[in-house]
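The next block holds one structure in the form of structure tokens; read it before the comments.
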Amino acid sequence: MAPAEEVLERLNPSHPYPLISHGLPYNLAIAKHLSSSLSSSKPFILISASLSRNTDALSKGMQPHTLYSEVLSLASQVRSSAADSIVVVGGGSLVDGAKAVVFALANGADTHDKLDELFKTSNLIRHRQKIDPPKSAVPEQQKPATIPLMCATTTLSAGEFSPFGAATDERTKHKQLFAEPGRQAAVIVMDPTLTLTAPGRVWLSTGLRAVDHCVESICNSAPNEAGTAAALRGLERLIPALLRTREDGGDLGARLDAQLGAMESMRPFVVYGVPVGASHGIGHQIGPYGVPHAETTCIALPAVQKFNAKVNAVRQAIVLDALWGNDEVTAVLGKYGLVRDKADLGDAVDVIIRELGFPRTLKEYGIGRDRLGNIAESSLKDALCQKNVIPLTEKEQVLEILEMCLGED
Numbered sequence: 001m002a003p004a005e006e007v008l009e010r011l012n013p014s015h016p017y018p019l020i021s022h023g024l025p026y027n028l029a030i031a032k033h034l035s036s037s038l039s040s041s042k043p044f045i046l047i048s049a050s051l052s053r054n055t056d057a058l059s060k061g062m063q064p065h066t067l068y069s070e071v072l073s074l075a076s077q078v079r080s081s082a083a084d085s086i087v088v089v090g091g092g093s094l095v096d097g098a099k100a101v102v103f104a105l106a107n108g109a110d111t112h113d114k115l116d117e118l119f120k121t122s123n124l125i126r127h128r129q130k131i132d133p134p135k136s137a138v139p140e141q142q143k144p145a146t147i148p149l150m151c152a153t154t155t156l157s158a159g160e161f162s163p164f165g166a167a168t169d170e171r172t173k174h175k176q177l178f179a180e181p182g183r184q185a186a187v188i189v190m191d192p193t194l195t196l197t198a199p200g201r202v203w204l205s206t207g208l209r210a211v212d213h214c215v216e217s218i219c220n221s222a223p224n225e226a227g228t229a230a231a232l233r234g235l236e237r238l239i240p241a242l243l244r245t246r247e248d249g250g251d252l253g254a255r256l257d258a259q260l261g262a263m264e265s266m267r268p269f270v271v272y273g274v275p276v277g278a279s280h281g282i283g284h285q286i287g288p289y290g291v292p293h294a295e296t297t298c299i300a301l302p303a304v305q306k307f308n309a310k311v312n313a314v315r316q317a318i319v320l321d322a323l324w325g326n327d328e329v330t331a332v333l334g335k336y337g338l339v340r341d342k343a344d345l346g347d348a349v350d351v352i353i354r355e356l357g358f359p360r361t362l363k364e365y366g367i368g369r370d371r372l373g374n375i376a377e378s379s380l381k382d383a384l385c386q387k388n389v390i391p392l393t394e395k396e397q398v399l400e401i402l403e404m405c406l407g408e409d
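Under our numbering, the first residue of the sequence shown carries the number 1, and numbering increases by one thereafter.
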């Protein structure tokens, strides 16, 4: 048998990072790039809980939604170790955790309050620089991380491609976005065999999260032609691959297709600057109430598309045409009785989510109407709700979407 050959590519051809590797077993790729790309001799290895049960490398990973307390604890460990890189082998919470850790270390954020202020300020700086030139009122620029990251991910949320992340202040249950001013992971390793370690439900739900990236970037009010093309490539790979891996979890070809589709899902945002919207923003704030990170998409995405349809039906039609243009997806849509030119995008993503076996309502996760007000208030603080095609600036707007997510009494 011929030896495996590595394929290398860049997310953005005009930037050296992130460098994306696939084709080699993940352990060989990590060893190679620690030396050749990071010049690292003392990596700190951060491994998911599902993998750490089978190794002495770590006793545990991190809890979902990246808690401040765990970020602070991990930052202390990394500081004490004098590591010159961090290697993440696992899923999205670990990726966000690693990004938060190196950002905190660079800026001396070693308490809950300092960490919260760091993250909130980073988001403010990003927002003001995006909308207006920096002014004297903008807080002092923050220091970029100096410890590089390498990620060999087991899931499909695709946060490793972005310098942005989110972490949860367990004191308030608010999930705070942050924007590390440096670069994202230096090297991203894809190995479909490694993804077999992820629970099936996590694999599929994070794939739906990547679908969410594609849908919201295409349906944005300020789309980019190249970004739309990338998102459509992502959808073309992702949804059929998820359907195939649900039938046969060992289909490594489908798993690599899904990984490559997840990569495409991030190009619109990271390379072309097209933001996502309220499905992500509301999803961030649903999560701390007991919904696994990526499964927030299963609740929010259909309802947000229905809410937005009055202003972006033309953009939604682009996604619908792509879905109906794929034989595997068309079979699923027809199975649930949908008819082309009659079903809307909210209906289409609803049945795809159902076909992959996920709950669709807040009530199925034990979240009742009494929680909607708090979720709505937190959502209004989320920058991605403000970036929605219909900016969410009033509590009643968010409540209208959440009512669609609630489920029958």
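Glycine included, each C-beta is placed from N, C-alpha and C at the ideal position.
Contact check for T195 against G90 fails: the beta carbons are separated by 8 Å or more. Taken through DSSP and simplified to helix, strand or coil, C385 comes out as helix. In the three-state reduction of the DSSP assignment, I188 falls in the strand class, which pools E and B. Counted as a single uninterrupted DSSP element, the alpha helix (DSSP H) harbouring Q305 occupies residues T296 to W324. Using a Cβ distance threshold of 8 Å, I401 and V304 count as a contacting pair. Within the stretch 178-229, the complete alpha helix (DSSP H) segments of 4 residues or longer fall at 200-218, listed in chain order.
The residue from D113, V101, G108 and A226 with its alpha-carbon nearest to that of A166 is V101.
Spanning the alpha carbons of Y26 and Q397 requires a straight line of approximately 45 Å. By a beta-carbon distance limit of 8 Å, K143 does not contact A83. Their separation comes to about 18 Å. R10 has L19 as its beta-bridge partners, per DSSP.
Taking G200 as the centre and dropping the five residues before and after it, the same chain places the C-beta of G249 closer than 7 Å to its C-beta, in chain order. Per DSSP, D84 lies in no beta strand (DSSP E) segment and is marked neither H nor E. Ranked by Cα distance from G234, the first of R246, K387 and E216 is E216. Excluding five sequence positions before and after L118, the CB atoms of its chain that fall closer than 8 Å to its own CB belong to F103, A104, N107, A109, Q142 and F178, given in chain order. A Cβ-Cβ distance of about 4 Å is found for the pair K173 and P288, placing them in contact under the 8 Å criterion.
Ranked by Cα distance from N308, the first of S81, P391 and I367 is P391. With respect to H213, F164 sits apart: the two C-beta atoms are not nearer than 8 Å. Pairing R126 with N220, the inter-Cα distance amounts to about 19 Å.
For the pair L380 and P18, the Cα-to-Cα distance works out to about 32 Å.
Under the DSSP assignment, T155 falls outside any alpha helix (DSSP H); it carries neither an H nor an E label. In this structure, M263 lies away from A186, with their beta-carbon atoms at least 8 Å apart.
By the criterion of a C-beta distance shorter than 7 Å, L74 is surrounded in its chain by G97 and V101, once the five residues flanking it on both sides are discounted.
The closest CA to that of G207, considering only R244, V7 and K387, is found on R244.
Assigned with DSSP and collapsed to three states, D169 falls in strand. Excluding the 5 residues flanking it on each side, I318 has same chain C-beta neighbours closer than 6 Å at I218, in chain order.
With respect to S85, L28 sits apart: the two C-beta atoms are not nearer than 8 Å. Restricting attention to P13, V7 and L8, the CA atom closest to the CA of Y272 is found in P13.
A contact between stretches requires three or more CB pairs, one per stretch, nearer than 8 Å, and the stretch 277-286 meets this requirement with the stretch 369-380. By the CB criterion at 8 Å, L94 and V88 fall inside the cutoff.
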